[in-house]
Amino acid sequence: MRSVRFPRYARSPGLPRPFSQRALGTGLVVLSLAATLLALLIPVHLFGGAGPAAAAARTTWSDDGEGTTATPFGPLTPLDRDFVRRVRLAGLWEKPAGRLAQERGTKDAVRMAGEHLVDGHTELDRRSVEVGRALDVTLPERPGADQRGWLDQLNAARGSTFERLFANLVRTAHGKVFALVALVRDRTANALVRELATRANTVVLDHITVLENTGLVDFPHPGNDEKK
1 MRSVRFPRYA
11 RSPGLPRPFS
21 QRALGTGLVV
31 LSLAATLLAL
41 LIPVHLFGGA
51 GPAAAAARTT
61 WSDDGEGTTA
71 TPFGPLTPLD
81 RDFVRRVRLA
91 GLWEKPAGRL
101 AQERGTKDAV
111 RMAGEHLVDG
121 HTELDRRSVE
131 VGRALDVTLP
141 ERPGADQRGW
151 LDQLNAARGS
161 TFERLFANLV
171 RTAHGKVFAL
181 VALVRDRTAN
191 ALVRELATRA
201 NTVVLDHITV
211 LENTGLVDFP
221 HPGNDEKK
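Numbering (the UniProt record's numbering), first residue to last: 1 to 228.
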């Protein structure tokens, strides 16, 4: 018996060809990858990049021009030396500022902030001197011109004017050094500098917290960019 073949009917030119499962799956994978890439790129674009290079661009530090030197504790870079000097410099003006807060503060929170400053910078000052001696880093012996000016302002102020000035001057200074501490802790290859940065991170964050707890810190308005 002869088999019967049914004729094939041509597809109408106006009708679309149906998608295969393979083509549909490939399309979904491509869309998923595109969405993932977009999610990764948006934060980098919004926040100006990430990583040590971007952090270094936003953090101010001084290059002493002496290059990187070898030490028994690892290489010592200009950034490392500047950090050790800045820790020492901070103690030279913030310890006196803390003592003034202990003496002149009318609020318990202000006196407590002063106590934390004195205790914290007494420790960091000792550590910075020890690190400087071990790494042959020359350290400052007196506050810089800006720091002396801040101390003059504090010495001339009294009452609530002193308290608000104290909270804002010291809080601003700590905010700037906090960024430097993070940069050094991330990038240094020197064991002594890393240890100092680790401890400084804890102390500086404590000082920021107690200063903010005074309720006197005037935070910058949203959208204002720091230029220094």
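Every residue gets a Cβ at the ideal spot worked out from N, C-alpha and C, and that includes glycine.
- The beta-carbon distance between Gly120 and Val181, rounded to whole angstroms, is 13 Å. This is too long to meet the 8 Å contact definition.
- At a Cβ-Cβ threshold of 8 Å, Gly215 and Ala109 count as neighbours.
- A direct Cα-to-Cα measurement between Trp93 and Val118 gives close to 10 Å.
- Under the three-pair Cβ rule at 8 Å, the region 135-142 does not count as touching the region 153-173.
- When secondary structure is reduced to three states using DSSP, Thr69 falls in the strand class.
- Taken atom to atom, the span from the alpha-carbon of Ala167 to that of Arg99 is near 13 Å.
- DSSP places Val118 in the uninterrupted alpha helix (DSSP H) bounded by Asp108 to Leu135.
- If you draw a straight line from the Cα of Arg88 to the Cα of Leu124, it is about 7 Å long.
- Distance from Ala189 to Pro75 at the Cβ level is roughly 5 Å; contact confirmed, criterion being Cβ atoms closer than 8 Å.
- If you look at Glu212, you'll find it in the alpha helix (DSSP H) that goes Ala191 to Glu212.
- Secondary structure of Leu139 (DSSP, three-state): coil.
- Between Ala113 and Ala101 a beta carbon distance of about 6 Å is seen, short of the 8 Å cut, so the two are scored as contacting.
- With respect to the 8 Å criterion, Arg86 and Asp64 are not classified as neighbours on the basis of their beta carbons.
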